[in-house]
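Just so we're aligned, residue 9 is where the sequence shown starts under our numbering, counting upward by one. The beta carbon of each residue, even a glycine, is placed where N, CA and C say it ideally should be.
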Amino acid sequence: MSSLAADLAKLAGADALREGAAARDYLHDSTEMQGLAGHADAIVAPPDVEALQAVVAWCYERGIAMVPRGGGTGFAGGAVPEGGVVVSLERLDRVRSLEPEYWRAHLEAGVTTGRLHRLARESGLYFPPDPGASEQSQIGGNIACNAGGPHSFKYGVTRDWVTGLEAVIADGELVQFGGAVRKDVAGYDLRSLLCGSEGTLGFVTAAWLRLIPAPEAAIPLVASYGSAAAGVAALRRVYGHGLRAAVLEYLDAGAVAASAAAFPGGLPPETGFLVLTEADGTAAEAAALAAGLAEALAEGAIQLST
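Structure follows, in structure tokens:
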């Protein structure tokens with residue numbers, strides 16, 4: 009064990025260190041498929057906020073670089089270290105409160121996106137942001153990257169659902185911006201500043217998140233086109249008709265080729281562009297919107313399916 013690791017063990021406990029073969033998982037994010045990986049002088053996963061504060065203060069006093077890490081699902085290389093200490097928030101995974109009657113949850117940074125989705129749905133509620141790898145991505149990382157996902161077309165990105173943040177800043181101080189509030193317009197909007205800051209302004213340790221009633225129905229539609237021009241024209245029609253789809257995504261020819269096997273029954277061989285969309289709301293609203301989307305997408309489509 010290095011002297012640095014030994015000092016971190018005193019601050020956060022020996023079981024907080026990630027060494028040997030286990031350390032490799034902390035040296036890359038999802039850009040690993042492009043060959044991007046780094047190196048770290050030590051890796052630590054503090055068991056609670058107090059231990060995190062101690063680690064951050066200790067590193068700050070000594071000028072040791074720190075790399076915050078969530079689930080490691082990002083595609084921007086933000087969690088890839090170039091030396092210093094990787095600080096994983098995976099063990100800060102408590103649900104501090106879930107208040108269905110107020111449509112809100114208070115969660116620590118290490119709670120996974122999928123767990124939050126399930127907790128919300130069990131109470132008849134909905135947390136719309138849905139970045140990829142929901143069983144691995146963590147709320148703290150979603151906030152740090154201001155993650156979105158397919159449903160951001162209608163519902164916005166993570167920042168739009170955060171009403172308050174708790175964070176540890178460079179000298180180890182624990183700060184809070186916003187909270188369990190419906191309105192917070194006084195002073196600087198530091199809550200929004202931290203969302204998307206990629207860990208450069210502090211370690212997000214917990215968040216108050218806004219929930220909404222779950223839609224009664226969600227109807228997906230997929231339309232295939234022979235060219236990008238035909239597909240983009242369909243996207244313009246959806247915009248132009250004012251259709252508020254829950255999802256509006258597209259796949260170009262390269263993405264179609266890479267993912268064609270994932271579609272049940274396959275795709276028409278001449279497919280060069282795909283539009284993926286979804287209508288949600290009450291059963292009647294979703295059905296009416298789906299009909300409107302189908303009409304807008306049908307022109308020029310090789311195939312349209314739900």
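Along the chain, where does the beta strand (DSSP E) containing residue 81 start, and where does it finish? No beta strand (DSSP E) holds residue 81; DSSP gives it neither H nor E.
Would residue 37 and residue 91 qualify as a contact pair, given that the criterion is a beta-carbon distance under 7 Å? no
What separation, rounded to the nearest whole angstrom, lies between the Cα atoms of residue 312 and residue 170? Going by the C-alpha atoms only, they are around 36 Å apart.
Bounding residues of the alpha helix (DSSP H) (the contiguous stretch that carries residue 216): Note, residue 216: premise wrong, no alpha helix (DSSP H); beta strand (DSSP E) at 211-218.
Extent of the continuous beta strand (DSSP E) to which residue 185 belongs: 182-186
Between which residues of its own chain and residue 235 is the CB-CB distance below 8 Å, once the five residues before and five after are set aside? 280, 281
Please state whether DSSP places residue 109 in a helix, a strand or coil. helix
Pair within 7 Å by beta-carbon distance, residue 254 and residue 309: no
Boundaries of the beta strand (DSSP E) in which residue 196 is found, first to last residue: Here residue 196 belongs to no beta strand (DSSP E), and DSSP marks it neither H nor E.
Identify the continuous alpha helix (DSSP H) that holds residue 15 and give its terminal residues. 11-20
Is the beta carbon of residue 167 closer than 7 Å to that of residue 205? no
Between residue 61 and the rest of its own chain, which residues show a CB-CB distance below 8 Å, the 5 nearest in sequence each way excluded? Short of 8 Å from the beta carbon of residue 61, and not among the five residues preceding or following it, lie these beta carbons of its own chain, in chain order: 176, 180, 181, 182.
Terminal residues of the beta strand (DSSP E) in which residue 232 lies: 225-233
Going by Cα to Cα distance, which pick from 83, 107, 112 is closest to residue 149? 83
Residue 174, buried or exposed, once every other Cβ within 10 Å from all chains shown has been counted against 16: buried
For residue 287 and residue 147, the rounded distance between their alpha carbons: 26 Å
Is the beta carbon of residue 17 sitting closer than 7 Å to the one on residue 25? yes
Measure the C-alpha to C-alpha separation of residue 164 and residue 137 and round it to an integer number of angstroms. Near 7 Å, if we compare the C-alpha coordinates of residue 137 and residue 164.
Please go through the same chain and pick out, in chain order, the residues whose beta-carbon is closer than 8 Å to the beta-carbon of residue 238, but skip the five residues on each side of it. 281, 308, 309
Within the segment 27-99, note down every full beta strand (DSSP E) run reaching 3 residues or more, in order along the chain. 50-52, 74-77, 93-96
Quick check: the Cα distance between residue 140 and residue 71, rounded to an integer number of angstroms? 34 Å
Neighbour-count burial assignment, residue 86, 16 or more Cβ in a 10 Å radius: So residue 86 counts as buried.
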